[in-house]
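Okay, so here's the structure we're looking at.
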Amino acid sequence: MLSTSFAGIELENPTVLAAGILGTSAAILKRVADSGAGAVTIKSIGPKKREGHSNPTVLFFDSYLMNAVGLPTPGYRNMEREWEELKEINVPVIASIYASSIEEFVEVAQYVASRKPDAIELNISCPNTKAHGMLFGKDPSIAHDVVSQVKEVTNNIPIFAKLTPNTDRVIEVARACEEAGADAIVAFNTWGPGMYIDINTRRPVLHYRTGGVSGPAVKPLVVKGIYELYEHVSLPILGVGGITNGNDAIEMIMAGASAIGIGSAVYYRGIDVFKRICDEMQGWMLTHDYKSIKELVGVAHE
Amino acid sequence: MLSTSFAGIELENPTVLAAGILGTSAAILKRVADSGAGAVTIKSIGPKKREGHSNPTVLFFDSYLMNAVGLPTPGYRNMEREWEELKEINVPVIASIYASSIEEFVEVAQYVASRKPDAIELNISCPNTKAHGMLFGKDPSIAHDVVSQVKEVTNNIPIFAKLTPNTDRVIEVARACEEAGADAIVAFNTWGPGMYIDINTRRPVLHYRTGGVSGPAVKPLVVKGIYELYEHVSLPILGVGGITNGNDAIEMIMAGASAIGIGSAVYYRGIDVFKRICDEMQGWMLTHDYKSIKELVGVAHE
Amino acid sequence: MNDVTKTYKILEIKQETPTIKTFTLDTALEGTPGQFVMVWVPGVDEIPISISNFDPLQITVKEVGEATKALHKKRIGDYIGIRGPYGNGFGLVGERVLVVGGGVGIAPLRTLMKNKNKQFTVVLGAQTKSEIFFEEDFKRNADVFVCTDDGSYGKKAFATQLAEELIQNNRYDMVVACGPEIMLKYLFGITEKHKINAQFSMERWMKCGVGLCGHCSLDPTGWRVCKEGPVFSSEQLRKVTEFFRYKRDQSGTEVEL
Amino acid sequence: MNDVTKTYKILEIKQETPTIKTFTLDTALEGTPGQFVMVWVPGVDEIPISISNFDPLQITVKEVGEATKALHKKRIGDYIGIRGPYGNGFGLVGERVLVVGGGVGIAPLRTLMKNKNKQFTVVLGAQTKSEIFFEEDFKRNADVFVCTDDGSYGKKAFATQLAEELIQNNRYDMVVACGPEIMLKYLFGITEKHKINAQFSMERWMKCGVGLCGHCSLDPTGWRVCKEGPVFSSEQLRKVTEFFRYKRDQSGTEVEL
Ligand SMILES: Cc1cc2nc3c(=O)[nH]c(=O)nc-3n(C[C@H](O)[C@H](O)[C@H](O)COP(=O)(O)OP(=O)(O)OC[C@H]3O[C@@H](n4cnc5c(N)ncnc54)[C@H](O)[C@@H]3O)c2cc1C
Ligand SMILES: Cc1cc2nc3c(=O)[nH]c(=O)nc-3n(C[C@H](O)[C@H](O)[C@H](O)COP(=O)(O)OP(=O)(O)OC[C@H]3O[C@@H](n4cnc5c(N)ncnc54)[C@H](O)[C@@H]3O)c2cc1C
Ligand SMILES: Cc1cc2nc3c(=O)[nH]c(=O)nc-3n(C[C@H](O)[C@H](O)[C@H](O)COP(=O)(O)O)c2cc1C
Ligand SMILES: Cc1cc2nc3c(=O)[nH]c(=O)nc-3n(C[C@H](O)[C@H](O)[C@H](O)COP(=O)(O)O)c2cc1C
Ligand code: FES
Ligand code: FES
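Residue numbers (the working numbering), protein chains in the order written: chain A, 1023 to 1324; chain S, 1023 to 1324; chain C, 446 to 702; chain F, 446 to 702.
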């Protein structure tokens, strides 16, 4: 009932662990897979070892999180054991990568492709570092070049472009990625960024001062974004942002997502949120007599 | 303790009723003033009678609202009795206006100025109509022209430019308004827009399909926006978005707002939210030994 | 929260009169008689409708325009959206209550009958016999008097006339009413003349339904019909100078009644 | 929610040892002994620190680097941020419990002493006399044995040696411990040898503290120290092959212990 395929990848269910959540090691990814995720994403891997920002890196509120983790990474070369152990995960594994130049993107992508993940996700959208990412995702022609050059060195591995919503040019960027040969759009990375100031100490709490906003609060924005993307690009869309329960997931699918990413909900509902969301989707589908989740993609446009 | 001045207007406290909330008649504005608001804003007045969108026009969630009211207005000429009765309100009255061309903005502003409100707020930022507003607030040079031409016909009445946050060019637009002679920046109108799809009926619930997002969920984005504006423009800033309690208000002021707008919180906490927020601010200030709210403007930048 | 628009299945539809249907929904609410819900007719409109039963939720709707027409076309199993309950509802005082309903205004009054501690006298008024509904439901807990404009059923009279007769011949602690504003206008004249406290359910154009947009607010008090209303007491009705005189349309423009 | 970072005034600062201070904050928490909070030192860092008292909230911190140094510079009346409590805490089983604390690892163990239904034997170990703290607090509800590396106070021994002696000569239902990983490593060898169930509080680099980021997760089980830990039982410790061997630094790179 929930099985589907996304950009040519078979999924037992459409829930995907979003990048940067729990994806720090093969061990935890395996645990997430065992908790019911249809696919898992490795925390964004960068060109070289990077510590990320100092704490506080994540702030927690009733309806949203703010994070400026700052892309910590051992660097793609320092993950030999992880790569080996990743093979034991029995759901598709998506490798998220980032870099600060097109050349670096190509370098990281080429190496990562050699380890044969089921897909590579290009994080051209992180709002939390100045050198990395954001620029790429705001400029259609740069986004195009990143995707097309990465495509050249990654054989047949599906390439996903992960977009930032924080630009007037989302549709243009998505179209550029499509033209460049991307196999799917991941929409979206975090919003804003936002800021939280502690009034007693009169200063921003995040060490990086600002952080991308995610969680339930961003859902209406994401639904609208997916709805619009669905009308303008024909690539499959992985909808990410604010999905916390089965209804949210179905809403996102009706807006046009073929699969859905889950990040902050791990905080709000626990590590077994994947199974819980699947159960909720299935329950609703049974009541409403749907046979396959595929029937529901984009139906809000009818 | 809470008294302050904003763009030359004396306020007993820094809370301002935001445009489009309760501002439909002199009677209700008077009631809001009596409920403790430091100033009130009349619902955006347009060039001619307009019904706005069909219902549903506002949706309600735990942490945000979505609205596409669509700027209903009797038109500035059909409000004679209101103009008369507005005189009885004993706090400053801000007249919000919108139009779909620069000429119309000038026409409405000129008339409205003749009724002598304490300030005129230019709504160059409404996301809910295609012809009106949004474009103006996304293009610095158009924003500049609207403000400068309105300034020419409005004598000494302070002109506030209300910005949309939904553009890469917020700072540029704010600077353009400053250069054009605006007396204050109002930041911001609603976010997105967003969308809510009812999964049982598979369709967007808002009649206009999409609606601007406001309420607690947008606060982190607004704080960050104000923080950044404060570093780039020297005009006073009216911070609007997601303020629900005294702490939020102080946070916004520390980010750089000289006064704060309150909209959705009327839903979350009731019509006396102005007084309640003032009490909360005052309570905090007493505990922390602050004498005047003016001391706190922008202190998060220190 | 009850303010998130949720859609529910229509479980039952009853044709009460040629123009009025009662819809039973797959949900229940708790609240006070006289409260209303905002009813979303998908793709068409969202309109305020009084609650004619709480558990299960029922609404009783007269076909008058686009939204109510679309609602009347719905079938069992279709979904409509509901948020609420909203507004204040009636607050009964005293023992002997005269209840006056005109047209579809009869609908919300039925929920009052769950109160077994009052002595209700009910006047139901309609233009013609076929437009009288809920009569049996009222009879279970009240003395019911029916009147029609054309005399086809009950007394040939306006509900206001019948009400005045009853007031002259009996002692009531209060009058509650719901119906066309013109009916309420005359009834208010009567209750004021006889110095009986009244509570009337009033209508104004509603957008948000929760007291946020201000569209339904009244001159000169600024009371919001959706929040401080829709039920107003005599004391309040005296202060609201716009009642029975003018109201605001969808754009906010004043229109004479 | 307790996860929103809130700042509280420091009400009291006590210098426990030349390198360790206890901070009393203007708030209280409810939780289980062994839980920790994330402590925001404004402008510097946010670090995990065990709760050394719940009501009022106290944390006991050793100066080791930038954040703890900045914390040690704070004065009464200054604000620091707190969120939590986090993690699982100890789950005592049986009657007779041997508690082993090394260095600042002594701190969280004090909260166990509120439990009046157990018979506690406590081993406190430090390098030298001046680094022993909380001794009096423990004595109120436990038999306390102190040892120092240099013999300046109590027995000249490592805490592990003293613990093994006690285990050889007494029957304990379980051992709980907190301290440097090297101490825990040897102690685990001892508890395994003597077949006594143990619960150890472990440390790994923490970012979110709530089980979201995955940074503190363990090989090969994927348990998160901040969520499924920081306290792990013997049965769990046997499965976590990375314990006592390697951990991950701030970037996520593995480093040998
Ligand atoms: C508190 C309250 C309770 C009501 N209870 C009932 C009820 O139980 N049963 C019932 O049949 N009717 C009830 N109504 C009236 C009902 O809302 C209107 O009949 C309905 O909105 C008409 O919509 P339409 O699209 O069919 O007609 P339209 O042709 O759109 O409008 C006809 C008239 O209906 C009124 N109306 C339309 N939209 C609104 C709106 N958003 N808010 C207020 N009035 C509106 C206006 O007076 C309008 O002129 C109630 C109204 C209010 C304010
Ligand atoms: C669950 C838990 C409970 C703890 N309880 C206490 C306590 O009660 N008292 C006490 O004094 N110390 C405690 N610590 C250790 C304390 O967190 C570190 O001493 C502190 O973070 C050092 O920070 P620094 O900036 O001063 O030193 P740095 O020079 O930055 O770091 C020194 C070492 O501290 C550790 N460290 C630094 N940052 C972190 C982090 N974010 N997460 C985990 N480890 C980190 C690393 O091992 C690092 O090598 C606890 C640690 C954990 C994981
Ligand atoms: C703590 C945290 C870390 C994240 N790290 C990354 C990352 O490394 N790479 C990336 O592409 N997205 C990252 N994201 C963004 C998420 O993958 C996701 O796009 C976003 O959180 C919205 O989804 P959600 O609302 O379900 O969390 C991170 C999000 C959070 C909350
Ligand atoms: C129902 C509703 C109607 C609004 N109408 C207007 C309007 O007519 N003109 C305008 O400039 N802003 C309008 N706004 C935006 C608010 O003035 C305010 O900028 C926004 O809601 C953010 O503040 P808040 O989070 O406190 O609500 C409206 C907002 C809401 C919720
Ligand atoms: S309908 Fe919006 S205030 Fe009543
Ligand atoms: S610190 Fe983030 S999961 Fe433990």
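No residue lacks a Cβ here, since even glycine has one placed at the ideal position from N, Cα and C. Computed from a prediction, not measured in an experiment: that's the story for all the values here.
Please state the DSSP three-state secondary structure of residue i.
| i | result |
| --- | --- |
| S/Asp1056 | helix |
| C/Asn615 | coil |
| S/Gly1285 | coil |
| S/Trp1213 | strand |
| C/Thr452 | strand |
| C/Asn498 | strand |
| A/Trp1306 | helix |
Whole angstroms are fine: how far does the CA of residue j sit from the CA of residue i?
| i | j | result |
| --- | --- | --- |
| A/Lys1070 | F/Leu682 | 32 Å |
| C/Thr477 | C/Leu543 | 18 Å |
| A/His1166 | A/Val1195 | 8 Å |
| F/Ile641 | A/Ser1047 | 32 Å |
| A/Asp1311 | A/Met1303 | 12 Å |
| F/Asn614 | A/Asp1084 | 52 Å |
| C/Leu554 | C/Phe579 | 10 Å |
| A/Tyr1098 | A/Ser1170 | 21 Å |
| F/Leu663 | F/Glu687 | 7 Å |
| A/Glu1250 | F/Lys454 | 48 Å |
| A/Thr1063 | S/Tyr1290 | 38 Å |
| A/Lys1109 | A/Phe1028 | 20 Å |
| F/Arg585 | F/Asp500 | 18 Å |
| C/Pro463 | C/Glu576 | 7 Å |
| C/Gly656 | S/Lys1052 | 15 Å |
Is the beta carbon of residue i sitting closer than 8 Å to the one on residue j?
| i | j | result |
| --- | --- | --- |
| C/Ser696 | S/Glu1073 | yes |
| S/Pro1139 | S/Ile1031 | no |
| A/Val1115 | F/Lys652 | no |
| C/Phe535 | C/Val449 | no |
| S/Ile1043 | S/Val1130 | no |
| F/Leu629 | F/Phe603 | no |
| A/Ile1315 | A/Leu1039 | no |
| F/Gly624 | F/Gly550 | yes |
| A/Ala1239 | A/Tyr1086 | yes |
| S/Val1128 | S/Val1172 | yes |
| A/Gly1283 | A/Gly1320 | no |
| S/Ile1299 | S/Ala1271 | yes |
| C/Leu470 | C/Ile527 | yes |
| F/Leu395 | F/Val589 | Nothing can be reported for residue 395 of chain F, as the shown portion of chain F is limited to 446 through 702. |
At a cut-off of 7 Å, is residue i close to ligand 3 when judged by its beta-carbon and the heavy atoms of the ligand?
| i | result |
| --- | --- |
| A/Leu1093 | yes |
| A/Lys1070 | no |
Just checking residue i against ligand 6 - is the residue's beta carbon closer than 7 Å to any of the ligand's heavy atoms?
| i | result |
| --- | --- |
| S/Met1023 | no |
| F/Gly654 | yes |
| A/Met1088 | no |
Residue i: beta carbon under 7 Å from a heavy atom of ligand 4?
| i | result |
| --- | --- |
| F/Phe688 | no |
| S/Lys1158 | Inspection of the sequence shows that residue 1158 of chain S is occupied by Phe rather than by Lys. Checking the Cβ of S/Phe1158 against ligand 4 gives no. |
| S/Phe1127 | no |
Can you determine whether any heavy atom of ligand 2 sits closer than 7 Å to the C-beta of residue i, and answer yes or no?
| i | result |
| --- | --- |
| A/Gly1058 | no |
Less than 7 Å between the CB of residue i and some heavy atom of ligand 1, yes or no?
| i | result |
| --- | --- |
| C/Val549 | yes |
| C/Lys507 | yes |
Ligand 5 and residue i: does any heavy atom of the ligand fall closer than 7 Å to the residue's C-beta?
| i | result |
| --- | --- |
| C/Met647 | no |
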